[in-house]
Structures are given as structure tokens and as C-alpha cells.
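Some notes on the structure that comes next.
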Amino acid sequence: MGQLKEECGVFGVFCNEAYDVARMTYYALFALQHRGQESAGIVVGDDGLFRTHKDAGTVEDVFTPTALEKLGLGNMAVGHVRYGTAATKDRINAQPMVVNHVKGRMAIANNGTLVNYHALREKLELDGAIFHTSSDTEVISYLITRERLTAPSIEAAVERAMPHLEGSYSLIVMSPTKLIAARDPWGFHPLCYGTTEDGRVVIASESCALNSVGATLIRDLLPGEILVVDKNGIRTIETHVGTRPHARCVFEYIYFARPDSVIDGTTVHAARVAAGEFLAKEHPVEADVVIGVPDSGLDAAIGYAKESGIPYEIGFIKNKYIGRTFIAPGQANREDKVRIKLNPISEVVKGKRVVLVDDSIVRGTTGGRIVKLLRDAGATEIHMRISAPPFLHPCYYGTDVDSCENLIACKHTPEEIAKLMDADTLGFLGLDSVKLLTGEKNACEFCTACFTGIYPTAVPDAPVCSKYDRKISEGKKKN
101 MGQLKEECGV
111 FGVFCNEAYD
121 VARMTYYALF
131 ALQHRGQESA
141 GIVVGDDGLF
151 RTHKDAGTVE
161 DVFTPTALEK
171 LGLGNMAVGH
181 VRYGTAATKD
191 RINAQPMVVN
201 HVKGRMAIAN
211 NGTLVNYHAL
221 REKLELDGAI
231 FHTSSDTEVI
241 SYLITRERLT
251 APSIEAAVER
261 AMPHLEGSYS
271 LIVMSPTKLI
281 AARDPWGFHP
291 LCYGTTEDGR
301 VVIASESCAL
311 NSVGATLIRD
321 LLPGEILVVD
331 KNGIRTIETH
341 VGTRPHARCV
351 FEYIYFARPD
361 SVIDGTTVHA
371 ARVAAGEFLA
381 KEHPVEADVV
391 IGVPDSGLDA
401 AIGYAKESGI
411 PYEIGFIKNK
421 YIGRTFIAPG
431 QANREDKVRI
441 KLNPISEVVK
451 GKRVVLVDDS
461 IVRGTTGGRI
471 VKLLRDAGAT
481 EIHMRISAPP
491 FLHPCYYGTD
501 VDSCENLIAC
511 KHTPEEIAKL
521 MDADTLGFLG
531 LDSVKLLTGE
541 KNACEFCTAC
551 FTGIYPTAVP
561 DAPVCSKYDR
571 KISEGKKKN
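Written out as C-alpha cells, the structure is:
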């Protein structure tokens, strides 16, 4: 993947009175920390005055008590946590971004990636625009402010800008008087809203952030929907709803979202348990114990044990102070973190045949190390089960699925991968099953391009990654 693909978390809150919205947003960003550990930021809106604090680092690093105090009270706020796939941690790409223009002021936070980013940026630069960051969000902000010159309102400007945006985006925009949210018409990544008992309206990437601030989930935004919150209440604009086929990122359910979140009516925990049950049916094995790799492999391991009848045990202790290895920029950094992140419980695995359930194998940098940990702890057999199909293609919509040359399944069969990792067997979840993780009625609403190479939008040309997906690619060309 290129430098501009990023997975993030967004949050916004609107109140009818002055409130400590900075601290509220701070708590919500903690709940969304898993979506980005590279930078964090909050912009507070106080009767048209914007106060901003953002920097590289985790939420805890960026927001000291002094920083939160300086943000002060306000009636609105928007927050952001960022993970950029480039190995850069500079402050300049931190969000939310604040824009001052002739029609007023705007703060914007985004989760997603535009596949037409380069074309849009080049056109804007030829029209005289000057860019300060390498983020899609700055392009989106230019388009919105350009439309705002003739649009009757900020929400109308967002509505007019959306047809120019190809790819994934979940936006929160704050003007001096309004909080606006927009989800792309494909619905790639989640965006939901809720309310507190005292009437505050909150918007977030995941429902777990709503729970953390005492808000009740109302619903997810529909793909293509715009939500507008101001002193008059909540209203929606549905001009772009239904204009594209739904293409929810299946990786949100498999790996990225927190298991206690609800996305489009399905809990992530339930989807992962279902993945484990499908795995047990597709790849049964005689074993003594089922364990999961913390954290996103645990729910699938429960499902595998439930369906297979093999006892489930906690097999690893995780160091909670180490970030997610998958989203640590730089391969050497990822490998270093694996060494100190997990420790097996030898009593659980010693002398036993172990089913090891993990959420995915992407680059293959961690699997062999985890298997070795279990071998050293005395496991006699290790049967790896993966609650996702093999990753064969890059993602262009914001999840860090790498380019073909760095995807292990592009170079090796499952049997070869098992041998490389010193596992006795290896089984991936089937593509038909992954489409059913949220039930049969939603089976055609997922984006599974990272498994199939069939993308819902136009994307830069990508080569066939390996002989194992050539049939899929040939089928795509025929269509």
C-alpha cells in the first residue's frame, strides 16, 4: 500500500450548553485508541471560537491534564486518533484539521482513504491550492470549502462534495454552530450516533466510544447518509443513500473493531464467534485444547471450541502496555513488539495438542514467533486456524493490508505457510463463510477485495499476486 492509506477513529459531541466536551472526547478517544496510535487531536468549539490540541503519540501521551484544561469548556468538540500506514509520526498529519475560509471556520476529522486522492489533489493544485499535509482529509476539506462558496449551508457543501469522493470516508465536520457527520455511499467503515440522558448528541467510529461516555446507541449512519446536529435538533440528508452497492469492510469484524462494538446491527463479538464456528466445521482436528491469540483471536477461539467440543482455555498472557503489532509502523518494530507482547501459560499447553486461533495472517511476521512460544512451552502439536481467508491483494480503502510482495499467501500455499511457521496444520476461513459472519441477509454487502481482488470501486492497476488467485483474477476479467 501507498503512504496515504490510513485507518483512524473519529468522535464528535454537540451540547446546547457549555460543557467539558474536551474531557468527554478524551474518554471517547481512549475507547477508540485501538484504531490509531500514531497521533491524536481534539478541537473544542466554544460559541464560534475553536481551541485545538493535537500531536503525535497516543491519547494518554498527547493529552496531559494541562492540555485538557487549556481546551476549556465548549458546546461542541471533534476528536481523532490516527494510524497512517507510512512510517511517519509527524504532528503535521495529526487531525482534526482546522480550516479558516471566507464563509467561516471548519474542523474536520476523517477515517478512510480516497482512491482518487492523487487525481483530486493534482486538480486542486493546478487551480492554485497549496497543501500542507499528505492526508486525504486535506483534499476533502478543500472540496467542502470550495462548495461552501456557493452552497447555502455547510451541510449542503458536504452534500455537494461527496460525489467527487471515490473510496472510503467517515467524516465529522464541525462549524461554529453545527456538527455534521457523513458516511461514504459504500459504507466501508462504521459511523454511528447516540445520545446521553441529558440530551448531548455524540457521533463515533464505533459504539464502544458511545458507551465510554454514557451515551446510548441510536443507530449507524446509513451508507451515503449525512447527519446534521444543531440547536434545533437532529436531521438527516439522504441524497446519496442507495447510490452505491454496500461494501462494508469485513476486516472491521475480523480484526479492527473492538468486540464490544455494534456495527450495522451486529456485535463484533458475535461475528467473530461465528467465524470460529465456521472454522471448526471447515477445518476439524483432534486436539486437547483451543486457545486464541489476544485480543482479536479470542472470540473466534471461543466459537471454535463451542462448535468442536474441544475445551477452550486462556493460553497467553498479553502485556497490555504494548500496542497492536499489526499497526506498528515498520516491520522491525512489529517483530520487536511480538517478543515482549505475549507469554504462553505453560500449564495450559504443555504436553497437549493445541488449536491456535488467530484473526489473520497478513505479512506472516508474527505467526512463526507465536508457534515457537508454544513449542517452547511444551505443546506437542499446534494446529493454526485463521478466522479470515488468505490475504492476496492490497486494500485501497484504509485497512493496512500490504502490497502483494509483502503478503505471505501470495508466495506460499497454506501447507507451505504451515511448514514455514512450524505448525502441524493450517486452515483459513473460507470465503463463503466470511460473507455470512453477520447473517445470510447481509451476505452480499461486504467488501472482500483483499481476499478476491474484486474491488467495489475503480482502483490503481494491481497485478495478479500469485498462482493461487489467478482463477479469481481471470474470472474478474471476464466480468
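Quick note on our numbering: the sequence shown kicks off at 101 and runs consecutively.
Yeah, the Cβ is synthetic: ideal placement off N, Cα and C, and Gly gets one too.
Everything numeric in this text was worked out from a predicted model, so none of it was measured.
Secondary structure of residue i, DSSP reduced to three states
{"i": "Glu-325", "result": "coil"}
{"i": "Phe-528", "result": "strand"}
{"i": "Lys-585", "result": "The shown model of the chain, from 101 to 579, leaves out residue 585, and the question about it has no answer."}
{"i": "Phe-491", "result": "coil"}
{"i": "Ala-375", "result": "helix"}
{"i": "Arg-300", "result": "coil"}
{"i": "Ile-414", "result": "coil"}
{"i": "His-519", "result": "Here the sequence assigns Lys to residue 519, which means His is not the residue at that position. Lys-519: helix per DSSP, three-state reduction."}
{"i": "Ala-156", "result": "strand"}
{"i": "Gly-478", "result": "coil"}
{"i": "Arg-348", "result": "strand"}
{"i": "Gly-333", "result": "strand"}
{"i": "Val-389", "result": "strand"}
{"i": "Ala-315", "result": "coil"}
{"i": "Tyr-269", "result": "coil"}
{"i": "Val-341", "result": "coil"}
{"i": "Asn-506", "result": "helix"}
{"i": "His-369", "result": "helix"}
Cα-Cα separation, residue i to residue j
{"i": "Ala-387", "j": "Leu-507", "result": "29 Å"}
{"i": "Leu-529", "j": "Phe-378", "result": "7 Å"}
{"i": "Asp-522", "j": "Gly-464", "result": "12 Å"}
{"i": "Thr-316", "j": "Cys-115", "result": "15 Å"}
{"i": "Asp-284", "j": "Thr-166", "result": "36 Å"}
{"i": "Val-198", "j": "Thr-525", "result": "52 Å"}
{"i": "Ser-234", "j": "Arg-182", "result": "13 Å"}
{"i": "Ser-487", "j": "Glu-540", "result": "18 Å"}
{"i": "Glu-255", "j": "Arg-135", "result": "27 Å"}
{"i": "Pro-359", "j": "Thr-499", "result": "17 Å"}
{"i": "Val-350", "j": "Thr-548", "result": "6 Å"}
{"i": "Arg-300", "j": "Leu-132", "result": "19 Å"}
{"i": "Phe-150", "j": "Gly-204", "result": "11 Å"}
{"i": "Trp-286", "j": "Thr-552", "result": "18 Å"}
{"i": "Phe-416", "j": "Gly-228", "result": "55 Å"}
{"i": "Pro-560", "j": "Tyr-242", "result": "23 Å"}
{"i": "Thr-366", "j": "Thr-538", "result": "6 Å"}
{"i": "Pro-252", "j": "Pro-196", "result": "24 Å"}
{"i": "Ile-240", "j": "Thr-480", "result": "54 Å"}
{"i": "Val-462", "j": "Glu-447", "result": "30 Å"}
{"i": "His-369", "j": "Ala-357", "result": "10 Å"}
{"i": "Tyr-353", "j": "Ala-281", "result": "22 Å"}
Residues near residue i in its chain [Cβ-Cβ closer than 6 Å; skip 5 each side]
{"i": "Val-390", "result": "Ala-401, Tyr-404, Ala-405, Ile-410, Tyr-412, Val-455"}
{"i": "Ala-380", "result": "Tyr-404, Glu-407, Ser-408"}
{"i": "Asn-211", "result": "Cys-108, Val-110, Ser-270, His-289, Ser-305"}
{"i": "Val-362", "result": "Ser-307"}
{"i": "Leu-310", "result": "Gly-294, Val-302, Ala-304, Leu-317"}
{"i": "Arg-348", "result": "Gly-287, Glu-545, Phe-546"}
{"i": "Gly-112", "result": "Val-178, Ile-272, Leu-279, Ile-303"}
{"i": "Ala-585", "result": "Residue 585 lies beyond the stretch modelled for the chain, which goes from 101 to 579, so this question has no answer here."}
Neighbourhood of residue i by C-beta, 7 Å cutoff - its chain only, sequence neighbours within 5 removed
{"i": "Glu-247", "result": "Ala-257, Arg-260, Ala-261"}
{"i": "Gly-314", "result": "Thr-296"}
{"i": "Gly-451", "result": "Gly-478, Thr-480"}
Boundaries (first-last residue) of the alpha helix (DSSP H) holding residue i
{"i": "Lys-450", "result": "Careful: Lys-450 lies outside any alpha helix (DSSP H) and carries neither H nor E."}
{"i": "Thr-237", "result": "236-248"}
{"i": "Val-159", "result": "159-162"}
{"i": "Arg-358", "result": "No alpha helix (DSSP H) holds Arg-358; DSSP gives it neither H nor E."}
{"i": "Glu-407", "result": "398-408"}
{"i": "Val-258", "result": "254-261"}
{"i": "Pro-165", "result": "165-171"}
{"i": "Phe-288", "result": "That residue, Phe-288, is in no alpha helix (DSSP H); it is neither H nor E in DSSP."}
{"i": "Phe-551", "result": "549-552"}
Where the beta strand (DSSP E) containing residue i begins and where it ends
{"i": "Leu-279", "result": "279-283"}
{"i": "Glu-117", "result": "106-119"}
{"i": "Glu-481", "result": "481-486"}
{"i": "Cys-292", "result": "292-295"}
{"i": "Ala-140", "result": "139-146"}
{"i": "Asn-443", "result": "442-444"}
Min CB distance residue i to chain D below 9 Å
{"i": "His-232", "result": "Checking the listed chains, one finds no chain D in this structure; it contains a single protein chain."}
Own chain residues within Cβ distance below 8 Å of residue i, not counting five before or after
{"i": "Asp-120", "result": "Leu-173"}
{"i": "Glu-266", "result": "Leu-214, Val-215, Asn-216, Thr-557, Ala-558"}
{"i": "Leu-531", "result": "Pro-489, Thr-548, Phe-551, Thr-552"}
Fully enclosed by the region 190-229, which beta strand (DSSP E) runs are 3 residues long or longer? 197-201, 204-211
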